[in-house]
Amino acid sequence: MMRSVGLAFFVVAMLSPQDSTRVPWIFPGDFRDRLRMSDSVVSGIILGTAQAGVRTVDGTEAMAQVARVRVDRVFQGSAPGRRLRFTWFALYMRVENGYGFAYSGPPLADFRPGKRYLLFLKRAGSDWEVAMPVYAIEEELAAVPPRGSVWDLSRATTRERYQALAEELEEAALAQPAPPKGMTGEASAYFPSLFDLLGACAKPFYDRFASSSSPELRKAAATWLDLIHSRRLTCEEPSTQTIH
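Under the numbering used here, the first residue of the sequence shown carries the number 42, and numbering increases by one thereafter.
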């Protein structure tokens, strides 16, 4: 299941009114912040993932998981090879005295085998791990890269990398099924990131959804088109702000 970063995510089990789980990290508000915090940004299909025990990360207990990925594109940093392992972290919730936990915050990381993701990684000694623990800063992508895509963009210009990343996110958004009545669906979860990367140059993308059969999805696209218009942005003038 994909997720929208604009919505709070809740987990409740055997809840005690006094007990809550808080994490110390701040979810990046701008897609470009994910790039800045990463040593390597790649895309690929998750081949498998397995628990590796509880670890304390930044003073918070988390369940370490080791994932295997088949890399199909490199957007930033040195190419780590066609296959790699990286550690990601699931929220660890200790159950004591018959009580459980409550969580409220950004969506949580959940890498599923067989799915293709955009991964934000950092070096941890000689190994790789996610650039931010626990939170789902990764993006689920379409099953295959866009036609004619370049394997290694690590030496490309910033503009070229942004364009390639945006193309991946556009393909993922367009691959989403029509949303249920009364909902915007999963495609709208990509709208903020496209604006962060392209600014006004994302207008053709929003235009495609402005004619959606879903009133809610049309309204979501219109919000971003209105933003571009109200700021008088042009495609030659990249955005400097985002709203989420």
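We treat Cβ as the ideally placed atom computed from N, Cα and C, and that holds for glycine.
Handout entry: Beta-carbon gap between SER84 and LEU162 smaller than 8 Å
Key = Pairing SER84 with LEU162 gives a Cβ-Cβ distance that is not under 8 Å.
Handout entry: Every unbroken beta strand (DSSP E) inside the region 64-117 [3 residues or more]
Key = Correct list: 81-98, 101-117.
Exercise for the section: Count the other CB atoms, across all protein chains shown, that sit within 10 Å of the CB of TRP169; report buried if there are 16 or more and exposed otherwise. Expected result: TRP169 should be labelled buried.
Handout entry: Residue from PRO256, GLU211, MET173, ASP248 with nearest C-alpha to ALA103
Key = Cα-wise, what sits closest to ALA103 is MET173.
Exercise for the section: Evaluate contact between the region 208-227 and the region 255-270, counting only Cβ atoms and requiring at least three cross-stretch pairs below 8 Å. Expected result: At 8 Å Cβ cutoff, the stretches touch.
Handout entry: Beta-carbon contacts of PRO279 that lie in its chain and below 7 Å, excluding the five residues immediately before and after
Key = Low per-residue confidence applies at PRO279: pLDDT is 49, beneath 50, and the placement is therefore not dependable, though the value from the model is reported in the following sentence. GLY240.
Handout entry: ALA54 in three-state terms, based on DSSP
Key = For ALA54, the predicted model reports a pLDDT of 40, less than 50, meaning its position is unreliable and no value from the coordinates is stated.
Exercise for the section: Determine the burial state of LEU56: buried for a count of at least 16 other Cβ atoms within 10 Å of its Cβ, exposed for fewer. Expected result: A caution first: LEU56 carries a pLDDT of 36, below 50, which makes its placement in the model unreliable, though a value can still be read off. Exposed: under 16 other Cβ atoms inside 10 Å.
Exercise for the section: Closer than 7 Å by C-beta to ALA216: which residues in its own chain qualify, once you throw out the five before and the five after it? Chain order, please. Expected result: If the five residues before and after ALA216 are omitted, its C-beta is found closer than 7 Å to the C-beta atoms of ALA183, all from its own chain and listed in chain order.
Exercise for the section: Please report how far the alpha carbon of LEU210 lies from the alpha carbon of ALA262, in whole angstroms. Expected result: Separation of LEU210 and ALA262 (C-alpha to C-alpha, rounded to the nearest whole angstrom) is 15 Å.
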